[in-house]
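**Student:**
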Amino acid sequence: MKIKYLLFTFFIPISFFGQNIESLYDIVAKESCECIVNKNFDLKNRDYEKIKLEFGLCIINSYSNHKSKFDESIDLDFKNSKMMSKFGEDVALKMINHCPDKIIEFGNFEGDDEDEILDNITFEGVFLESKKSDFQMVTVKENNGRIHTLIVLTFFEDVNLITDNLIKKNDKVSVEYFEQEFYDPKLNDFRYYKVIQGIKKI
């Protein structure tokens, strides 16, 4: 999952701006690839944050060298994370044409981290409530007193216990979930959610 953040850390449809802008994106992508290859990242040390930073700097440096040639609508504000993400996505898509081996290498490195992040967590507790908001929300109090708010985002076995209201308040349950980062339009930012993957009465 992190590969999206590594490759697209910084999506404005390129075709909208015409061939000239598309060519500029291609130039930035080519120069970014050359920059990354020259840095010769050692993925064995698995310093993800450092690699992510260096990756982004390669793109920013190339953009800065050609900034005057870009349309005014692509006058990047480096403090605007949403704008940077959109720009980086377009550049990364072009980079696949110039350094596919390096992009795949990053992807494989990134995939290892994803397995760690998406490991499921299981706990037992008492069911408190289920309600609908932006998502179907489930609240469970763990045996140690900690309260978890989880969202139903994907189908899983026994999901009908929630959707059909077959679990009542104070029922003892076993819950399985993983944490995933999603964009929250209300906050205009990304936040982590607990995505429920299983629930059983005990």
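Just so we're on the same page, our numbering is the position in the sequence shown counted from 1, plus 846.
Using N, Cα and C, we set each Cβ at its ideal position, and we do this for glycine too.
(1) Mind checking whether the beta-carbon of residue 987 lies closer than 7 Å to any heavy atom of the ligand COA?
(2) Tell whether a beta-carbon distance below 8 Å holds between residue 1041 and residue 1024.
(3) Is the beta carbon of residue 878 sitting closer than 8 Å to the one on residue 930?
(4) Would you kindly work out how many angstroms separate the C-alpha atoms of residue 915 and residue 874, rounded to a whole number?
(5) On the three-state DSSP scale, how would you describe residue 1005?
(6) Tell me whether the beta-carbon of residue 949 lies closer than 8 Å to the beta-carbon of residue 984.
(7) Nearest by alpha-carbon distance to residue 876: which of 988, 938, 932 is it?
(8) Give the straight-line distance between the Cα atoms of residue 971 and residue 928, rounded to the nearest whole angstrom.
(9) How about residue 1045 and residue 1004: are their beta carbons less than 8 Å apart?
(10) May I ask which residues mark the beginning and end of the beta strand (DSSP E) holding residue 1030?
(11) Where do the N-terminal and C-terminal ends of the beta strand (DSSP E) with residue 1037 fall, by residue?
(12) Thinking C-alpha only, which one of 870, 1026, 1047, 988 is nearest residue 965?
(13) If you run the structure through DSSP and keep just helix, strand and coil, what is residue 979?
(14) Name the one or two DSSP bridge partners that residue 997 has.
(15) Take the Cβ of residue 993 as the centre, count every other Cβ of all protein chains shown within 10 Å, and call the residue buried at 16 or more, exposed below.
(16) State the DSSP-derived secondary structure class of residue 1013, mapped to helix, strand or coil.
(17) Quick one: grab the DSSP three-state call for residue 973.
(18) Per the DSSP calculation, residue 988 is bridged to which residue(s)?
**Tutor:** For this structure:
(1) No copy of the ligand COA appears in this structure; indeed no ligand is present at all.
(2) yes
(3) no
(4) 12 Å
(5) coil
(6) no
(7) 938
(8) 38 Å
(9) yes
(10) 1018 to 1030
(11) 1035 to 1047
(12) 1026
(13) coil
(14) 983, 1041
(15) exposed
(16) coil
(17) strand
(18) 971
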